[in-house]
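Student:
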Amino acid sequence: MTASRTDAPELLAPAGSLEGLRAAVANGANAVYLGVEEFNARRGAENFKLETLSDTCRYAHLHEVKVYLTANVVVLQHELTDILNMVDRAWESGIDAVIVQDLGVLLAINRTMPHVRVHASTQINAHNSMTLGTLASMGVSRATLAREVSIEEIASFARRDDIEVETFVHGALCVCHSGQCLMSSVIGRRSANRGLCAQPCRLPYELLDREGAPIETPGAHLLSPKDLAGIGMLPDLVRAGVAALKIEGRMKSAEYVALVTGTYRAALDRAVADPEGFSVRDGEQAVLEESFSRGFSQAYLVGERGNAMMSYQRPNNRGVPVGRVVSVASGLATIDFGISVDAEDTLEFWTSAGRFAQAAGPLELAGSVVRAVPAGARAALRLEHSAIAGDRVFRVRNASLTQAARRTFAASGDADSMPLSFSVRVVAASPLSVEVRDCRGVVGVAEGPIVEPARTKAVTAEEVAEHIGRLGGTPYWIEAWNLEMSPNVGVGFSALHRVRRDAIEAYESALLAPWRDRRRVHPAVPAVMGGRSRAPRRQPLVFAAVEDSDVAKACLEAGADFVHIPTYALRPHDAELPGMVPLLPRIAHDRECGAILSHVREGGRVVVGNLGLLAEASRRGAATEAHWSLNALNSLSVEQLAGMGASLVWLSPELSGHQIEQIVSASQVPVGIAVYGHHEVMVTEHCVLMAEGDCKRSCGTCSRRRTKHTLRDRKDYEFPIQTDTTGRTHIYNAVPLDLSAALPELLATGVEALRLDLAVESPQEAAQQVRRVRMALGIALAGSVPPRRDDGVATTTGHFFRGAI
211 MTASRTDAPE LLAPAGSLEG LRAAVANGAN AVYLGVEEFN ARRGAENFKL ETLSDTCRYA
271 HLHEVKVYLT ANVVVLQHEL TDILNMVDRA WESGIDAVIV QDLGVLLAIN RTMPHVRVHA
331 STQINAHNSM TLGTLASMGV SRATLAREVS IEEIASFARR DDIEVETFVH GALCVCHSGQ
391 CLMSSVIGRR SANRGLCAQP CRLPYELLDR EGAPIETPGA HLLSPKDLAG IGMLPDLVRA
451 GVAALKIEGR MKSAEYVALV TGTYRAALDR AVADPEGFSV RDGEQAVLEE SFSRGFSQAY
511 LVGERGNAMM SYQRPNNRGV PVGRVVSVAS GLATIDFGIS VDAEDTLEFW TSAGRFAQAA
571 GPLELAGSVV RAVPAGARAA LRLEHSAIAG DRVFRVRNAS LTQAARRTFA ASGDADSMPL
631 SFSVRVVAAS PLSVEVRDCR GVVGVAEGPI VEPARTKAVT AEEVAEHIGR LGGTPYWIEA
691 WNLEMSPNVG VGFSALHRVR RDAIEAYESA LLAPWRDRRR VHPAVPAVMG GRSRAPRRQP
751 LVFAAVEDSD VAKACLEAGA DFVHIPTYAL RPHDAELPGM VPLLPRIAHD RECGAILSHV
811 REGGRVVVGN LGLLAEASRR GAATEAHWSL NALNSLSVEQ LAGMGASLVW LSPELSGHQI
871 EQIVSASQVP VGIAVYGHHE VMVTEHCVLM AEGDCKRSCG TCSRRRTKHT LRDRKDYEFP
931 IQTDTTGRTH IYNAVPLDLS AALPELLATG VEALRLDLAV ESPQEAAQQV RRVRMALGIA
991 LAGSVPPRRD DGVATTTGHF FRGAI
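Shown next as structure tokens:
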């Protein structure tokens, strides 16, 4: 492990377990990110215990590795106390920063623990300069950028002096913008925003045309991207000036962490030393492919958003190809092996009936049973399932590589030990002295008894070196040695051992001094400033969120007070119509922000789905509504958005009625909630319609996107999809939300705005739903219970009666 890399970005590795931590440390990580039992986006990982986090941090810090705690989930009102307590205890334990998604948690940390360093999670979806500036003003020291930014954008962001930027360099890609995916939540109650994503993006889907007929596509996994591999772009990322390069993978094995971290460590060091001469070595590419691969792509780093970044044919580890089945007889498959294979390797057979994996097992080569076959050999193995000639064979686990990876961090190994220089004085009439020093100049010194002339046998230099050098059980090895010694002196071996131990303890105390004097502050959840001092509106306003100007006008005529319409869907003079509210989209790269902000007028009204644009629109004097995609799930998140200028906050659809009521009771501004519609569950930079075939990437005039398409899942649910003029795909829930019959309960929460999501309806259908909800609202306000919808259309009450988990 290189001791100092001050001119290189930090290499940040995942640690989903103690073994994963050791693997990252042993293979050259500068920092690790990890979670404890709760409040992290990988609740399915093994994770760490808060009670032993101080030991974890001590281990990492002794190896010059920083520790970042993931608190990167949205938080419910009743959880605020617990997450603040967790951050408080974790800071005392020695973490170097906490990674946060929830805007309310960020506000609470700033008010109660301003000494804690905060990093913004990629779940905040920072992808423009204004958002970075807003985060910096909130006290964020570093932002993990959205994966959807290019190297040119990264370089621009990295030039800022108010906030550091971090970018992913390797691992799984979400097809949806991070923090914006609700598919797992709406179809299975497992919230990705709360660390329980069920990965519906890796499931098979059919793309259907407007008649409901399947469209031929390259494969069934239409939402499954390849994995990101930015190793070839390391010189560009170094030149860009990023603070850290992040490897994804807290759910993966420690062996994976070892292999990927070690590969990037070696490559990054070369990229820093000789960026012009840098190239990825064949062996490095092979190791990454064998570690885990859905196929690799540089994806958004190079502006790729099309089919080349998608893994349509399979959503999981594809391994590396080893050959094809030549023949099958009596359960034995003869295979032409293109690479060497070991009996302990795991092979996967791709057959016409599907895929199956098995251990290679004993191999028959030229009439003999062998443990391994070389590349180019034809050998046989016994099948566990059926295969036929021509079937392809892949290796999905390389046994020797896995074993080699494990040796780098096995408890009995020394791969993660650190070099120290020892200076020992055994000088007559002076105290026995041991000084240890590392390459950074951190020193530990200890003294023992006065050295006296030998009474019997004089101690030898070899004996001093042997006993001082007994470092078993410590993470150190002797890099350099200096011994000053008088002749014919005596000293007890136990004294040598004790002074060596004391010197190492003094060194560790000096090394760990930055974390030594931390104390808990026992923060209380801060009260919402201002509180609920205003009189609530008796009759909520009714909003309609649409994607089309004609639908917007139909909704206004049917009785909607306001409509939200994206800026890209506005026609000339639409914004001048009473009730028409431009929606500044949640995805807004710097190159798009100028045109988007042209729709902001002083004294006008806009709804904003992007953190940076919200602050800027408010600064320009517009009355702003905070879009539901900003993930307000507690009163402090609402206060944070209100403090940025929001006069109305749309709450997350992941809340139950009881949770909504808790927020409303403390809110200083009106809040609203969706009451009807096909909720948007994904927004993707990749256009799903590209799976139909060649694309000219003329999104504004694309005839394909003007026709109705749906995605059909394995249970025959059909999810409407739309592609906007930027080429981004919006995916909507297959079943519409309908809370019209629950309006008495909804009104009891105190919400002051109701929204109908009508992105996929025709003008006539949208108008009908506005009138129906208006009628139901009148019935509820009169004290009666509105009737349930009786037209046979299946609907859902979403999370209103249950909440997300």
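All you need for our numbering is the position in the sequence shown, starting with 1, plus 210. For every residue, glycine included, the Cβ atom is placed at its ideal position computed from N, Cα and C.
(1) Measuring straight from C-alpha to C-alpha, what distance separates R565 and K259?
(2) Could you compute how far the alpha carbon of E514 sits from the alpha carbon of Q508?
(3) Find the nearest neighbour of S366 within the set M348, H380, S347, G343, judged by alpha-carbon distance.
(4) Is the beta carbon of T341 less than 8 angstroms from the beta carbon of N692?
(5) Report all residues from its chain with a CB closer than 6 angstroms to the CB of E416; omit the five preceding and five following residues, and keep chain order.
(6) Can you check which of these residues, T939, V652, C765, P525, is closest to E715 by C-alpha distance?
(7) Taking the alpha-carbon positions, what's the R647 to R726 distance?
(8) Quick one: give me the first and last residue of the alpha helix (DSSP H) that V674 is part of.
(9) Cβ of A218 within 8 angstroms of Cβ of V242?
(10) Rank R650, S643, G769 by C-alpha distance to the C-alpha of A705 and give the top, closest one.
(11) What whole-angstrom Cβ distance do H1009 and E864 have, given they're in contact under 8 angstroms?
(12) What are the uninterrupted segments assigned as alpha helix (DSSP H) that are 4 or more residues long and contained completely in the segment 362 to 414, given in chain order?
(13) Who are the near neighbours of A825 in its chain, counting only those whose CB is closer than 6 angstroms to its CB and skipping five residues on each side?
(14) Assign H1027 to buried or exposed, taking buried as 16 or more other Cβ atoms, counted over all protein chains shown, within 10 Å of its Cβ.
(15) Flag this pair as yes or no: are the beta carbons of T936 and C909 separated by less than 8 angstroms?
(16) Leaving out the 5 sequence neighbours to the left and right, which residues in its chain are closer than 6 angstroms to D760 when beta-carbon positions are compared?
(17) In terms of residue numbering, what span does the alpha helix (DSSP H) encompassing P973 cover?
(18) Quick check on the burial criterion: 16 or more other C-beta atoms within 10 angstroms. Buried or exposed for M739?
(19) Do the CB positions of A901 and N282 come within less than 8 angstroms of each other?
(20) Please work out which residues of its chain come closer than 6 angstroms, Cβ to Cβ, to A977, disregarding the five sequence neighbours upstream and downstream, and give them in chain order.
(21) Within the same chain, show all residues whose beta-carbon is closer than 6 angstroms to that of P946, passing over the 5 residues directly before and after it, in chain order.
(22) Over what stretch of residues does the alpha helix (DSSP H) that includes V859 continue unbroken?
(23) Which of helix, strand or coil does DSSP assign to D926?
(24) Any idea if S388 is buried or exposed, counting beta-carbon neighbours within 10 angstroms, 16 or more meaning buried?
(25) So which of A236, V699, A675 has the shortest CA-CA distance to E689?
(26) For N692, report the span of its beta strand (DSSP E) as first-last.
(27) Let me know the secondary structure DSSP gives G623 once reduced to three states.
(28) Rounded C-beta distance between E220 and A476? I'm assuming under 8 angstroms.
(29) What's the gap between the Cα of S622 and the Cα of A599?
(30) The alpha helix (DSSP H) that contains Y269, what's its start and end?
(31) Who are the Cβ neighbours of I678 in its own chain at under 7 angstroms, not counting the five residues just before and after it?
(32) Quick check on this structure: which residue in L313, T322, G487, A318 has the alpha carbon closest to the alpha carbon of A330?
(33) Check whether the Cβ atoms of R534 and I545 lie closer than 8 angstroms to each other.
(34) Kindly confirm or deny that the segment 376 to 390 and the segment 453 to 469 touch, where touching means at least three C-beta pairs closer than 8 angstroms.
(35) Rounded C-beta distance between L899 and R924? I'm assuming under 8 angstroms.
(36) From the DSSP output, in three-state form, read off T732 for me.
Tutor: Working from what's here:
(1) Along the sequence shown, one-based indexing puts residue 565 at 355. Along the sequence shown, one-based indexing puts residue 259 at 49. As the crow flies, the alpha-carbon of R565 is around 38 angstroms from that of K259.
(2) In the sequence shown, counting from the first residue as 1, residue 514 sits at position 304. In the sequence shown, counting from the first residue as 1, residue 508 sits at position 298. Cα-Cα distance, rounded: 7 angstroms.
(3) Taking the sequence shown and counting its residues from 1, the one referred to as residue 366 is at position 156. Shortest Cα-Cα distance from S366 to any of M348, H380, S347, G343 involves G343.
(4) Along the sequence shown, read from residue 1 onward, the residue named residue 341 stands at position 131. Along the sequence shown, read from residue 1 onward, the residue named residue 692 stands at position 482. T341 places its beta carbon 8 angstroms or farther from that of N692.
(5) Looking up residue 416 in the sequence shown gives position 206. Hits under 6 angstroms: P424, R922.
(6) Residue mapping note: residue 715 aligns to position 505 of the sequence shown, counting from 1. The shortest Cα separation from E715 among T939, V652, C765, P525 belongs to V652.
(7) Working through the sequence shown from its first residue, we reach residue 647 at position 437. Working through the sequence shown from its first residue, we reach residue 726 at position 516. Here the C-alpha atom of R647 lies approximately 20 angstroms from the C-alpha atom of R726.
(8) What you label residue 674 is simply residue 464 of the sequence shown in a count that begins at 1. First-last of the alpha helix (DSSP H) with V674: 671 to 678.
(9) For the purposes of this step, residue 218 is identified with residue 8 of the sequence shown, where counting begins at 1. For the purposes of this step, residue 242 is identified with residue 32 of the sequence shown, where counting begins at 1. In this structure, V242 does not lie closer than 8 angstroms to A218 by Cβ.
(10) One-based indexing of the sequence shown puts residue 705 at position 495. Restricting attention to R650, S643, G769, the CA atom closest to the CA of A705 is found in S643.
(11) Locating residue 1009 in the sequence shown gives position 799, counting from the first residue. Locating residue 864 in the sequence shown gives position 654, counting from the first residue. Contact between H1009 and E864 holds, since their C-beta atoms are separated by about 5 angstroms, short of 8 angstroms.
(12) Restricting attention to alpha helix (DSSP H) runs no shorter than 4 residues, the segment 362 to 414 encloses them at 393 to 398, ordered along the chain.
(13) What you label residue 825 is simply residue 615 of the sequence shown in a count that begins at 1. Exclusion of the five residues before and after A825 leaves T344, M854 as the residues of its chain whose Cβ lies within less than 6 angstroms of its Cβ.
(14) The structure shown has nothing for residue 1027, since the chain only spans 211 to 1015.
(15) As a position in the sequence shown, residue 936 is number 726, starting the count at 1. As a position in the sequence shown, residue 909 is number 699, starting the count at 1. The answer is yes: Cβ separation under 8 angstroms.
(16) For the purposes of this step, residue 760 is identified with residue 550 of the sequence shown, where counting begins at 1. Taken in chain order, the residues that qualify are P973.
(17) By one-based count along the sequence shown, residue 973 stands at place 763. Where P973 is concerned, the enclosing alpha helix (DSSP H) stretches over 973 to 991.
(18) Taking the sequence shown and counting its residues from 1, one reaches residue 739 at position 529. Taking all protein chains in view, the Cβ of M739 is surrounded by fewer than 16 other Cβ atoms within 10 Å, so the residue is classified as exposed.
(19) Position 691 of the sequence shown, counted from the start, is the residue given in the question as residue 901. Position 72 of the sequence shown, counted from the start, is the residue given in the question as residue 282. Annotated as distal: A901 and N282, with beta-carbon spacing of 8 angstroms or more.
(20) In the sequence shown, the residue the question calls residue 977 occupies position 767. If the five residues before and after A977 are omitted, its C-beta is found closer than 6 angstroms to the C-beta atoms of A764, A768, all from its own chain and listed in chain order.
(21) The residue labelled residue 946 in the question sits at position 736 within the sequence shown. Cβ within range, chain order: G887, H888, T1005.
(22) What you label residue 859 is simply residue 649 of the sequence shown in a count that begins at 1. Taken as a continuous stretch (DSSP letters only), V859 belongs to no alpha helix (DSSP H), being part of the beta strand (DSSP E) at 856 to 860.
(23) Working through the sequence shown from its first residue, we reach residue 926 at position 716. Residue state, collapsed to three classes: coil.
(24) In the sequence shown, residue 388 corresponds to position 178, counting from 1. By the C-beta density criterion, S388 is buried, having at least 16 other C-beta atoms within 10 angstroms.
(25) Position 479 of the sequence shown holds residue 689. Among A236, V699, A675, the Cα nearest to that of E689 is on A675.
(26) Position 482 of the sequence shown, counted from the first residue, corresponds to residue 692. Residues 686 to 695.
(27) Your numbering for residue 623 matches position 413 in the sequence shown. Unreliable positioning characterises G623 in this predicted model, as indicated by a pLDDT of 47, which lies under 50. The coordinate reading is nonetheless provided below. G623 sits in coil when the DSSP states are folded into three classes, being neither helix nor strand.
(28) On the sequence shown, position 10 is the one that residue 220 refers to. On the sequence shown, position 266 is the one that residue 476 refers to. Between E220 and A476 a beta carbon distance of about 16 angstroms is seen, past the 8 angstroms cut, so the two are scored as non-contacting.
(29) In the sequence shown, residue 622 corresponds to position 412, counting from 1. In the sequence shown, residue 599 corresponds to position 389, counting from 1. A caution first: S622 carries a pLDDT of 46, below 50, which makes its placement in the model unreliable, though a value can still be read off. Here the alpha carbons of A599 and S622 stand approximately 45 angstroms from one another.
(30) Translated into the one-based positions of the sequence shown, residue 269 becomes position 59. Per DSSP, Y269 belongs to the alpha helix (DSSP H) from 263 to 272.
(31) The residue given as residue 678 occupies position 468 in the sequence shown. Within the same chain, I678 has close Cβ partners F632, V634, V644, L706, R710.
(32) Here residue 330 refers to the residue found at position 120 of the sequence shown. For A330, the nearest C-alpha among the options comes from L313.
(33) Counting from one through the sequence shown, the residue named residue 534 turns up at place 324. Counting from one through the sequence shown, the residue named residue 545 turns up at place 335. In contact: R534 and I545 (Cβ atoms closer than 8 angstroms).
(34) Touching, yes, given that three or more Cβ pairs across the two stretches are closer than 8 angstroms.
(35) Within the sequence shown, the letter at position 689 stands for residue 899. Within the sequence shown, the letter at position 714 stands for residue 924. Not really, about 21 angstroms apart at Cβ, beyond 8 angstroms.
(36) On the sequence shown, residue 732 is found 522 positions in, with the first residue counted as 1. Per the sequence shown, the amino acid found at residue 732 is His instead of Thr. H732 falls in the coil class under three-state DSSP.
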